[in-house]
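Enquirer: First, the structure itself, so that you have it in front of you.
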Amino acid sequence: MSETRTPVRPTERGAARQTVTISFAGFNRAWAAWIGDRLERRGVRVVYIRWDSPAEESLVDLLRGLSLAEGRILMLVSERYFQLGPRTFDEWNAALREVVAPDPTRFAAVSVTNSPVPSAVAVLAPVDVTNMGADEAERRLLDRLDLPDDGRQTAENARGPRFPAAMPEVWGGVPRRNTRFTGREPLLNSAYHLLQNSEPGAGVLTLHGMPGVGKTQLAAEYVYRFGSEYDVVWWVNAESRVTYRRLLAELSTRLGLATGDEYGERLRAVRDSLRRGTPFSRWLLILDGADEPDQIWDLVPTGPGHVIITSRNPEWGEHNSKLLEVAVYGRDESVAFIRRRAPRLSDADADQLAQVLEDLPLLLDQTAGWLNDSDLSVEEYIELLEDGVDPDVVKVSADFPVAFQTAWAILLNKLRETVPESVDLLRLCTFFAPGFIPVRMLREMSHDDLPEQLTRLLDDPLLWNKAINQLRTYSVVRLESHEVGVEETPSPGESLYLHRMVHQIVGKDMPEEDRRDFIDVVRRALAEADPGRPTDTRNWEAYAELVPHLKYADVLNSTDRKVQLLVLNCLRYMWWAGEYTSGWKLGRRTVTAWRGLLGESHPRVWEATHHYANLLRSAGRFAETEELGRGAMEHLRRERGERDLDYLRAANGLGADLWSLAKYDEALTLYQWLYPAYRELLGEQDSRTLSALNNLGFVHRLRGQYEEARRIDQETLETRRLVLTGRHLFTLFSEVSYSVDLRLLGRYAEAESIQARNVREYRNVGGKGNPDALRAEHNLALCQLRTGDRASAGTLLTQVLEGYERRLGDTHFGTLAAAVSHSCFNREHGDIDLARETSESVLARYEQLLPDGHPFILGARANQALVLRNVGEREHAHVLIEQALADMAEAVGEEHPYTLGCAVNASGLRNLIGETESAAELSRLTIARATDTLGRTHPLTLSARVAYAADLRGLRSRQQAEKVEQEALSDLEATLGKQHVHTVSARSRNRPYWDFEPQAS
């Protein structure tokens, strides 16, 4: 038929561009975009017209209107093109013969379907482009339009839409396409333009609306229509923070990111990759069911890609998201959808049904589905709705609109009449969390002692599949798994998707006997799915799947020991995986429930209290943890006495709260009692005894008693080497503590020697990036800095900070300590602007985490004063350091090294602004106090002595200044060596400064 074609000729120089108008169904937009892009690359002007077929207009008139379009008309032939309206094949055959057949040269066609189409489509001479690669499809397209495939293309290097049959480079979790999707064209177009026109980093759109309006279906359709424009499409169930973190972290391997197994590290690597747009800048992330913005808003990625959120909650607008409301169907959309779902109904029937069901898409889908299989007329169904249903037969929650209540009652009765086991399965599902239901757990559990009807359902594969298929037929559930990738096929019954609205309506009014039986079955299924080792990262995926279901199975009110062990293991998992906020909330509910269920003194209550306190403490809620710890200790002391191990464990936890809140004296008193108590009960070599000794040494370090801390840490280290061997992680941890003590005492060479070897061992044993290995590397970097190896120190400090941020987040004490060191290094040896930015950020985070007057806040302010000094803001710096000095003296005492360091910096700023006498007096006092606390030759004391010599020179007391300076230089040479950086700097008369260094662990 090539002789009947009118070719679209290539554009000659100076000639008008040829035009092709592409007519397509919205469902096939991806094909239209790809074809248009191929034509535009050859200089063809392309016009896009989305085909619509309103029922009130005749097909003949619509086709004649289309024939008025400019240029050649290229129709994309698909079943969806001919279904719009909906229209019958007879209508299409008549219209094509009347409009197209007399002038076939105006039309051409490309077929993108293998489904039957009207026979008169032959007049369009469509060329098939399915089931082939992009090159062959393009060749056929060009041949159909008589365009030469001569390689003359424009903007060939520009990235255009992907060939629709080719998947994006990374694709995961996306539900199957709903082939019955209807309407919503304005919403899809608005969503597309809102995202495409957004600034980089601001491409976040929330589709919000009431339950059942089809937000998830709309997001899925957007993916299939526009997914060819992305390299990464990743769908995440965001109904809970735990699940969201797990599923987003899984993207790390698909992006080829080199990370460890810990979710927090993988999650941060993914967010960083998306933010930077490497390796892919064209990415689309869908967060489905994110109804609680406060739970996950801080984890929503930014960058050059786009994020679509589905939610009932419009408060996403307060979190930098654009909003697009999804309402119920328009009536024409309702009618079209019902006609497609139930072909036996007429337009008038569909209109009646839509009116009584209030155009709610979910209800239309479920009702039309079973109505199409029923002999019931629409009028008879409406009578049922109006008459109501016997409440003794089936109950539906009164929280829903009346039409919804009655329609659901009818549907449940229909299910009970056809496959009663499907209702049992549906009710079981309501004791899992809504969304993805891991029904495989029901099949895999022991079926002993189950209710008879459930045993029959779970043991008979045919009955099981029959129940699932019945629920699927009426759109009650969807057989879909978020874990299915492009190359995988879901196993039947592995995972069902149950809409939240259906979940609510079925679960609220269940017969009490069924409720008791069914909830017990689900609890047992969850308990049997417990892998049992929450510290093993290989089990974290299983725990992340279990946690969201605990609430709906009401596990906290179970007296089953296995179910209670599941709860404890989930709390432990949440602590290890960094799910602190969700974890402490579960911990609080657990302790409250079990105190009533088991009694205040039950061992599992104290186990839950211990995990609850750990989660609270890790979330930075130290005041609450302190109160909880004191209460637990008091209760256990009364009930069991001070020699009880649970009492001692509670005391150990309280000690951590006390030092976190800077209550150093009270913490010291506690550990001076706790260590001997453990030693007497368990012996010197028990791990709990050594842990208490380690903590005692840490408190001494926090109090500035570095020599005592060194002595205790050396004892702990030697005992652990004896008991655990030298390469045990606890031994390596103690080795770092000992090295830190040596460095703080000014024994830099010793400290670096020990620390360098320790880092090598950590990398062999714990792996690079392990939090304790990062602690070791941080100390090594500070040792290198003190010995003058600034290049190595700078590189390692950057790596350590990035590792902490990736592994533990930006508010962990270890991360903040690394950020402090990084800022101080950049202030003196790198980028002053970066130093200032980091310093301000650290200070803000400390102020958010810690109470006013905490030494870490005051020390961060002292560091900030040095940044201000270096950028020339002397007056501001002076005010800040004087306030930090006064507050630090009040917080930890005038002779604490923190205060002495602030005094060294304050004297320098006094000297700088001309208050030389005051500076000299402060330096003199600092020397006296530092000598008493640290000794005459400690580096901090020597810094004060060098500073004092400078002050004396400023006062023109040259003879005394010379004497002080020479003595200080002599001690520096004897202590650190003639060529040490501090000695050389002092000899050059550079005024010394002090960097605050928070002790995180």
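35 is the number of the first residue of the sequence shown in the numbering used here; add one for each residue after it.
All C-beta atoms in this analysis are idealised placements derived from N, C-alpha and C, irrespective of residue type, glycine included.
Please read all numbers here as calculations on a predicted model, not as lab measurements.
Quick one: residues in its chain with C-beta nearer than 7 Å to the C-beta of Y740, no 5 flanking neighbours on either side, listed in chain order?
Expert: Excluding sequence neighbours, Y740 sits near D775, L778, L779.
Enquirer: Grab the span of the alpha helix (DSSP H) containing H644 for me, first residue to last.
Expert: Run containing H644: 637 to 652, per the alpha helix (DSSP H) assignment.
Enquirer: If you check the beta carbons only, do V834 and E811 fall under 7 Å apart?
Expert: The answer is yes: Cβ separation under 7 Å.
Enquirer: Assign T53 to one of three DSSP states: helix, strand, or coil.
Expert: It is a strand residue.
Enquirer: Under 7 Å between the Cβ atoms of A925 and G887?
Expert: Closer than 7 Å, so yes.
Enquirer: Check each candidate in R944, L682, R79, R106 and name the one with the smallest Cα separation from V913.
Expert: Per the Cα distances, R944.
Enquirer: Can you tell me which of the three DSSP states V155 falls into?
Expert: Helix, per DSSP.
Enquirer: Among residues of its own chain, excluding the 5 on either side of T277, which ones have a beta-carbon nearer than 7 Å to its beta-carbon?
Expert: Only N271, A578, P582 meet the Cβ criterion.
Enquirer: Quick one: measure Cβ to Cβ for L108 and V157, integer angstroms, because I've assumed they're closer than 8 Å.
Expert: Not quite, the Cβ-Cβ distance comes to about 14 Å (not below 8 Å), so this is no contact.
Enquirer: Which same chain residues end up closer than 8 Å to E413 when comparing Cβ atoms and leaving out the 5 residues on each side of it in sequence?
Expert: The residues are Q386.
Enquirer: Ordered along the chain, which non-local residues of its own chain (more than five positions away) have a Cβ less than 6 Å from that of N191?
Expert: Because N191 carries a pLDDT of 46, less than 50, the predicted location of this residue cannot be relied on, and no value is offered for it.
Enquirer: Pull up the distance between the alpha-carbon of K429 and that of L445, whole angstroms please.
Expert: Any answer about K429 is weak, because its pLDDT of 39 lies below 50 and its placement is not dependable; what the coordinates show is given next. Near 11 Å, if we compare the C-alpha coordinates of L445 and K429.
Enquirer: If contacts are defined as beta-carbon pairs under 8 Å, then N148 and R114 qualify, I think. What distance do you get, rounded to the angstrom?
Expert: Incorrect: roughly 13 Å between the Cβ atoms, too far for contact.
Enquirer: Could you name the residues of the same chain whose beta carbon sits closer than 6 Å to that of F314, not counting the 5 residues immediately before and after it, in chain order?
Expert: The answer, listed in chain order, is D265, V266.
Enquirer: What would DSSP say about H930, mapped onto helix, strand or coil?
Expert: DSSP places H930 in coil when its eight states are reduced to three.
Enquirer: Please list the terminal residues of the continuous alpha helix (DSSP H) segment that includes H1016.
Expert: Start and end: 1015 to 1021.
Enquirer: What ranges does the beta strand (DSSP E) occupy inside the segment 573 to 613, keeping only unbroken runs of at least 3 residues that lie completely in it?
Expert: Listed in chain order, nothing qualifies, since the segment 573 to 613 has no complete beta strand (DSSP E) run of 3 or more residues.
Enquirer: For N603, count neighbouring Cβ atoms within 10 angstroms of its own Cβ and tell me buried if that reaches 16, exposed if not.
Expert: Flag for N603 reads buried.
Enquirer: In terms of residue numbering, what span does the beta strand (DSSP E) encompassing W498 cover?
Expert: Here W498 belongs to no beta strand (DSSP E); instead the alpha helix (DSSP H) covers 495 to 507.
Enquirer: Along the alpha helix (DSSP H) that carries E660, what are the first and last residues, could you check?
Expert: Where E660 is concerned, the enclosing alpha helix (DSSP H) stretches over 656 to 674.
Enquirer: Please state whether DSSP places H340 in a helix, a strand or coil.
Expert: Reduced to three states, the DSSP call for H340 is strand.
Enquirer: With DSSP as the reference, please indicate the residues paired to I69 in a beta bridge.
Expert: I69 is not bridged to any residue.
Enquirer: Check whether the Cβ atoms of G261 and D71 sit closer than 7 Å, and answer yes or no.
Expert: It is not a contact, given that the beta carbons lie outside the stated cut-off.
Enquirer: Classify H242: buried if its beta carbon has 16 or more other beta carbons within 10 angstroms, exposed otherwise.
Expert: H242 comes out buried.
Enquirer: To the nearest angstrom, how far is the alpha carbon of N231 from that of W68?
Expert: The alpha-carbon atoms of N231 and W68 are separated by roughly 20 Å.
Enquirer: Determine the burial state of N860: buried for a count of at least 16 other Cβ atoms within 10 Å of its Cβ, exposed for fewer.
Expert: Buried: at least 16 other Cβ atoms inside 10 Å.
Enquirer: Just checking, does the segment 210 to 229 make contact with the segment 279 to 287 on the three C-beta pairs under 8 Å criterion?
Expert: No, because fewer than three Cβ pairs between the segment 210 to 229 and the segment 279 to 287 fall closer than 8 Å, the two stretches do not touch.
Enquirer: So for M535, helix, strand or coil by DSSP?
Expert: Helix at M535.
Enquirer: Going by DSSP in three states, H734 sits in which element: helix, strand or coil?
Expert: In this structure, H734 counts as helix in the three-state DSSP scheme.
Enquirer: Leaving aside the five residues before and after D393 along the sequence, list all residues of the same chain whose C-beta is less than 7 Å from its C-beta, in chain order.
Expert: For D393, where only same-chain residues beyond five positions count, the Cβ hits under 7 Å are V362, Y363, R365, S368.
Enquirer: In or out: I866 buried (at least 16 other Cβ within 10 Å) or exposed?
Expert: Answer is exposed; the Cβ neighbour count stays below 16.
Enquirer: Please give the ranges of any alpha helix (DSSP H) in the segment 221 to 295, keeping only runs that are unbroken, at least 4 residues long and fully inside the region.
Expert: Runs found: 249 to 260, 275 to 283, 285 to 288.
Enquirer: Hey, would you say L532 sits closer than 7 Å to P468, going by beta carbons?
Expert: The answer is yes: Cβ separation under 7 Å.
Enquirer: Work out the CA separation of W609 and E296 for me, nearest whole Å.
Expert: Distance between the alpha carbons of E296 and W609 is about 12 Å.
Enquirer: What span of residues does the alpha helix (DSSP H) with F314 cover, start to end?
Expert: Note, F314: premise wrong, no alpha helix (DSSP H); not H, not E.
Enquirer: Just checking my contact of A953 with I915 at CB under 8 Å: how many whole Å lie between their CB atoms?
Expert: Not a contact, Cβ separation roughly 12 Å.
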